[in-house]
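What follows is a single structure, written as structure tokens, with notes after it.
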Amino acid sequence: MRVAFQTLGCRLNRAEEGRLAADFLAAGFGIVTDPAQADVYVLHSCAITRRAERESLRLVRTLSQSRTGGRPLIVLSGCVVASQEADRLRAAGADLLVRKADFATLVTQVLARLGRTVPGVVPSPTPPHFRTRRALLRVQDGCDFHCAYCIVPHTRGAPVSRPWSAVLDEARALLDRGHRELVVTGCNLACYRDGTRGLPELADALCRMAPEGRIRLGSVEPGMIELELADVMRRHRNLCRFLHLPIQTGDDALLRRMGRRYSTDLLRATLAALLQRVPGLALGTDLITGLPGEDEAAFGRTRELLQAFPFANLHVFPYSPRPGTRAATMSARPPAAVARARARQLRAIGDTLRRQFAAASVGQPIEVLIEGRDDTGLVHGWSDTYLPCRFTDHNTPIGHLATFTPVRSEGELLVGG
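Heads up: the sequence shown at position 308 corresponds to 289 in this note's numbering, and the numbers run straight through without jumps.
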């Protein structure tokens, strides 16, 4: 039997796809990319925005209408299962709805629906060696911040950290399979705790475990980031010099209204301290335009904050009301066209900042995970600061780390000799 996966949304979703795929492989399934060739199709859905939710339902509906003979069996998992009524999802064409709590029994449920049994199926938490030398390491799930605009606490529940030993065991298994970059992933990474140990201690342990590889951190809440992370980054060259801090807006009144746990003063002080401790640090962020109460002055303060720091990676989204969240019923929401126009402005600023960061990296030694090579020895890959790179290297194997010094930048691309 064959199974196809399609995953929408965040890194945590992709990490969960890996876990589910490992369980299907252990049960004897083959994995294919084309749903038309599969006996089972698993759509791991996203509900962070209305657009993502609609896309999940569209994919289910399209496949349901085009399949013949009841194949493939359509399994819908992920956040849409928590955000939408089951009857609506079944009406769209989903045969099986799977909540996060039921992941461990998904293969058993699928086999039962197909009229087959495989005794002794034991779910494995370790993702298979799938696509690249980069692997996602899930360490935490859930969030209880209840920011006014966010549906995540409803779809993913309260924060839960994986045990320290389980995280390190999975990290070792991934490294043994040949993965050279582990991306530490969670819903709210700053909430990671095992006893007295938090994210800085975990990053330190992972770096010591992977002297020939590197560790990259996922998104960390700016109001909770511990400056000790910067010390770990400075101490270990294999902890990528990239931090993604989702600031959402640069206006204090909006931060308070949305229930964010920091002020712009705290944010500015934190960013300055991080940059002082880690030379060459790349900053990424998420931004939402069109939040209820965002006027031109508030939007201007967001632009000013962005241009005060060397942000290298911006994810910008117009606000999308989510049913059941406080912001969905708030007044003074800008028109959708205004939110989209502001998003375009911020993306343009982000493009400029990214080019500037790339230009500032010229002449500095850069570590790259090599992901491909052509016949002339020209390799390409990604820097630890999350910039695309291209240079000549005839010796370093694909999937390994190499250091080069870029001689110029072409937009965001760093180019060597």
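No residue lacks a Cβ here, since even glycine has one placed at the ideal position from N, Cα and C.
When Gly176, Asp185, Leu287, Ala263 are compared, the shortest CA-CA separation from Glu209 is found for Asp185. For the region 21 to 47, the continuous beta strand (DSSP E) assignments of 3+ residues that do not extend past its boundaries occur at 21 to 26, in sequence order.
Contact annotation: Pro369 and Gly362 have beta-carbon atoms nearer than 9 Å.
Counting along the chain, Cys370 sits inside the beta strand (DSSP E) bounded by residues 369 to 373. In this structure, the CA atom of Leu287 is about 39 Å from the CA atom of Val41. In the structure shown, Ile351 adopts extended strand secondary structure according to DSSP, grouped into three states. Every unbroken stretch of the alpha helix (DSSP H) spanning 4 or more residues and falling wholly within the region 227 to 286 is given here in chain order: 233 to 238, 245 to 258. Partner residues in the beta bridge of Gly11, as assigned by DSSP, are Arg(-17). Proximity to Leu156 across Val388, Asn(-6), His381 peaks at His381, based on C-alpha coordinates. One alpha carbon belongs to Gly11, the other to Leu54, and they sit about 15 Å apart. Shown here, Gln65 sits in coil according to DSSP, grouped into three states, outside any helix or strand. Straight through space, the alpha carbons of Gly51 and Thr310 are spaced by roughly 41 Å. Between Ala308 and Ala129, the CB-CB gap stays under 9 Å. For Ile132, the three-state secondary structure derived from DSSP is coil. Here Ser58 really is in contact with Ser26; their C-beta atoms are around 7 Å apart, less than 8 Å.
Apart from sequence neighbours up to five positions away, the residues of its chain that approach Pro346 with a beta-carbon distance below 8 Å are Thr384, Phe385, Thr386, ordered along the chain.
Contact between Val88 and Asp4 is confirmed by a C-beta separation of about 5 Å, below the 8 Å threshold. Cβ neighbours of Thr377 within its own chain (closer than 6 Å, five residues either side excluded): Ile351, Ala383. Ile330 carries a helical assignment under DSSP once its states are collapsed to helix, strand and coil.
It is roughly 44 Å from the alpha-carbon of Met214 to the alpha-carbon of Ala19. In this structure, DSSP gives Pro304 a state outside helix and strand, which the three-state scheme calls coil. For the pair Ala28 and Val61, the Cα-to-Cα distance works out to about 5 Å. Going by beta carbons, Tyr367 and Gly265 fall inside the 9 Å limit. When DSSP states are grouped into helix, strand and coil, Asn169 belongs to the coil group. Under the three-state reduction of DSSP, Ala322 is assigned to helix. With a 10 Å radius around the Cβ and a threshold of 16 neighbouring Cβ atoms, Leu247 comes out exposed.
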